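In what follows, a structure is listed as structure tokens, so that the remarks can point back to it.
2 protein chains.
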Amino acid sequence: MTGRLTIAGLGPGDASLVTPEVSTALASATDVVGYAPYVARIAPRDGLTLHPSDNRMELQRAREALQLASEGRHVVVVSSGDPGVFAMASAVFEVFEASPQWRDLTIALLPGVTAMLAAAARIGAPLGHDFCAINLSDNLKPWPVIEKRLRLAAEADFAIAIYNPRSASRADGFQRALEILREAGLSERLVVFARAVSTVDEKIETVPLREARPEMADMRTLVIIGNSSTRRVGRWVYAPRQAG
Amino acid sequence: MTGRLTIAGLGPGDASLVTPEVSTALASATDVVGYAPYVARIAPRDGLTLHPSDNRMELQRAREALQLASEGRHVVVVSSGDPGVFAMASAVFEVFEASPQWRDLTIALLPGVTAMLAAAARIGAPLGHDFCAINLSDNLKPWPVIEKRLRLAAEADFAIAIYNPRSASRADGFQRALEILREAGLSERLVVFARAVSTVDEKIETVPLREARPEMADMRTLVIIGNSSTRRVGRWVYAPRQAG
Chain A
1 MTGRLTIAGL
11 GPGDASLVTP
21 EVSTALASAT
31 DVVGYAPYVA
41 RIAPRDGLTL
51 HPSDNRMELQ
61 RAREALQLAS
71 EGRHVVVVSS
81 GDPGVFAMAS
91 AVFEVFEASP
101 QWRDLTIALL
111 PGVTAMLAAA
121 ARIGAPLGHD
131 FCAINLSDNL
141 KPWPVIEKRL
151 RLAAEADFAI
161 AIYNPRSASR
171 ADGFQRALEI
181 LREAGLSERL
191 VVFARAVSTV
201 DEKIETVPLR
211 EARPEMADMR
221 TLVIIGNSST
231 RRVGRWVYAP
241 RQAG
Chain B
1 MTGRLTIAGL
11 GPGDASLVTP
21 EVSTALASAT
31 DVVGYAPYVA
41 RIAPRDGLTL
51 HPSDNRMELQ
61 RAREALQLAS
71 EGRHVVVVSS
81 GDPGVFAMAS
91 AVFEVFEASP
101 QWRDLTIALL
111 PGVTAMLAAA
121 ARIGAPLGHD
131 FCAINLSDNL
141 KPWPVIEKRL
151 RLAAEADFAI
161 AIYNPRSASR
171 ADGFQRALEI
181 LREAGLSERL
191 VVFARAVSTV
201 DEKIETVPLR
211 EARPEMADMR
221 TLVIIGNSST
231 RRVGRWVYAP
241 RQAG
């Protein structure tokens, strides 16, 4: 048997948002590797070994997955959302690049519904015009880079999807991000806080940026800042197709 | 029977990328409304009326869908990819906002795998770091706005996903976009041309920006410009998680 590595996105949480392609891959997997809360979404069965691991173990996890695949297993690395958006795919390629012994391994990536798409769908169409996605975690990039990108995104009048707005290790990062956007003149923009979309913990809240407070977000929240044309209609928030 | 309107994303093309949520909605629909090539992806059955329409008919199509739903039908508006990303959701809300008589209608949006996620998964992980998505169509926004956003996106060192790079009505827009990015110093960046991903017409090509030519893209192509750290490893292209 030839081993192979599949890097799959499980979508935001609900089983009805897992693509059939991903379900098929999981059905033939011998091993599932991932962050424990995502691995917990996979039903145990005979012939399948689950390998849950802690947060921030991305590189070790990628190495484990590549090693298992090289031994002839069919390994599925699972991420929430889409594996290529602030998830496991880049970490796997970092290890893969540094490890020529695995260069001939069969690898496939299976896309998924990333958090910003699920969040946008719940509230309307805030990503219906040009937008950007910024990971607010500064574990892997200097904070000044994040500040610069926020300022340029505001100047470009992009809607802004913010991933990982808050974590225990960066208590004030999101606070500072909100300040930067207010300084850039965006106080009246609509801000959507979408928490744990499609799970039992789902909560969606929309406020103008001037009323946004850091504690409205936690580790499970995706934040979308509207562009200059983003507006409410009834219970919905959307960006018109026309530029503002 | 109470009418309702569901705005659903069919993913990039292959049936294995349609979410179960969308399949369920289609199974109970009485009417499917959309651009003809997308409606053609829905299997005909008794009790289901298909309403295909031409390109650039977004507002008329949205009005037709809202009208049918208000008459008690269960209408599914279909888009390729995700309905909220440069697709039908914003057009529906534009009509909805202008039409108070439909304000009480039940509306739901079902996310899908948008083109840039499918394209990224085929080639590796070019969206693994901060990125933006720009619709190059200038039907609904002035070209100078697009130029400004391209320049700011380059300055922010975002990976850039370009939707609708070319259409018959804008022969030189994409050519100009490539020039702007070269002027911004991005000539060595990797550019991925991903055409018709997950269909029989799929074709993926990666070149440095200095070698990119407009005719490498057509109406079915999604283009991803890498950031300053994006690199090749074997047959793959990926953005490391670390900033460049």
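Protein sequence lines correspond, in order, to chains A and B. Numbering of the first sequence is given in my numbering, commencing with residue 1 and proceeding in unit increments. Numbering of the second sequence is given in my numbering, commencing with residue 1 and proceeding in unit increments. Just so it is clear, CB atoms sit at the ideal spot from N, CA and C, and this is done for glycine as well. Keep in mind it's a predicted model, so treat the numbers as computed, not measured.
> Who are the Cβ neighbours of Gly47 (chain A) in its own chain at under 7 Å, not counting the five residues just before and after it?
Replying inline: Thr30
> In chain A, which residues lie with their C-beta within 7 Å of the C-beta of Lys141 (chain B)?
Replying inline: Within chain A, the residues near Lys141 (chain B) are Gln242, Ala243.
>> Quick check on Glu211 (chain B): does DSSP put it in helix, strand or coil?
In response: helix
> Going by the CB atoms, is the gap between Met116 (chain A) and Leu222 (chain A) shorter than 8 Å?
Replying inline: yes
> Among the residues of its own chain, which have a CB less than 8 Å from the CB of Pro208 (chain B), if the five just before and after it don't count?
Replying inline: When the five nearest sequence neighbours on each side are left out, the beta carbons in the same chain lying within less than 8 Å of the beta carbon of Pro208 (chain B) are those of Ser187, Glu188, Arg189, Leu190, Val191, in order along the chain.
> How would you label Pro12 (chain B), buried or exposed, when you count the other beta carbons within 10 angstroms and need 16 or more for buried?
Replying inline: Residue environment: Pro12 (chain B) is assigned as buried (16 or more neighbouring CB atoms within 10 Å of its CB, all protein chains considered).
>> Residues of chain A with CB closer than 9 Å to the CB of Pro165 (chain B), please, in chain order.
In response: Simply none; closest approach about 14 Å.
> Helix, strand or coil for Thr24 (chain A) per DSSP?
Replying inline: Three-state result, Thr24 (chain A): helix.
> If we ignore side chains and look at the alpha-carbon of each, how far apart do Asp172 (chain A) and Asp130 (chain A) end up?
Replying inline: 28 Å
> If the cut is a Cβ gap below 8 Å, which residues of chain A does Gly3 (chain B) touch?
Replying inline: Correct list: empty, because the minimum Cβ distance to chain A is about 16 Å.
> Residue ranges of each beta strand (DSSP E) run of no fewer than 3 residues wholly in the stretch 29-82 of chain A, ordered along the chain?
Replying inline: 31-35, 49-53, 74-79
> Using DSSP with H/G/I as helix, E/B as strand and the rest coil, what is Glu202 (chain A)?
Replying inline: Correct three-state label for Glu202 (chain A): coil.
> With a CB to CB cut of under 7 Å and the five nearest residues on each side skipped, what residues in its chain are close to Asn227 (chain B)?
Replying inline: The residues are His129, Asp157, Phe158, Ala159, Ala239, Gly244.
>> Please state whether the Cβ-Cβ distance between Arg195 (chain B) and Asp218 (chain B) is less than 8 Å.
In response: In this structure, Asp218 (chain B) lies closer than 8 Å to Arg195 (chain B) by Cβ.
> Would the stretch 91-110 of chain B and the stretch 140-152 of chain B be scored as touching if the rule is three or more Cβ pairs under 8 Å?
Replying inline: Taking one beta carbon from each stretch, the stretch 91-110 of chain B and the stretch 140-152 of chain B have fewer than 3 pairs nearer than 8 Å; the two do not touch.
> Residues bridged to Arg170 (chain B) by DSSP?
Replying inline: None, per the DSSP bridge assignment.
>> Which residues of the stretch 219-240 of chain B have a Cβ closer than 8 Å to any Cβ of chain A? Give them in chain order.
In response: Answer set for the stretch 219-240 of chain B: Arg231, Val233, Gly234, Trp236, Tyr238, Ala239, Pro240.
> When DSSP labels each residue in this structure, what does Ala217 (chain B) get in the three-state scheme?
Replying inline: coil
>> If you follow the alpha helix (DSSP H) that Val145 (chain B) is in, where does it begin and where does it stop?
In response: For Val145 (chain B), the enclosing alpha helix (DSSP H) starts and ends at 143-155.
> Counting contacts by CB-CB distance shorter than 8 Å, is Lys148 (chain A) in contact with chain B?
Replying inline: yes
>> Using the Cβ count rule (16 or more neighbours within 10 Å means buried), how would you classify Gly81 (chain B)?
In response: buried
> If contact means a Cβ-Cβ distance below 9 Å, which residues of the stretch 100-112 of chain B contact chain A?
Replying inline: Contact annotation: in the stretch 100-112 of chain B, residues whose CB is within less than 9 Å of a CB in chain A are Arg103, Asp104, Ile107, Ala108, Leu109, Leu110, Pro111, Gly112.
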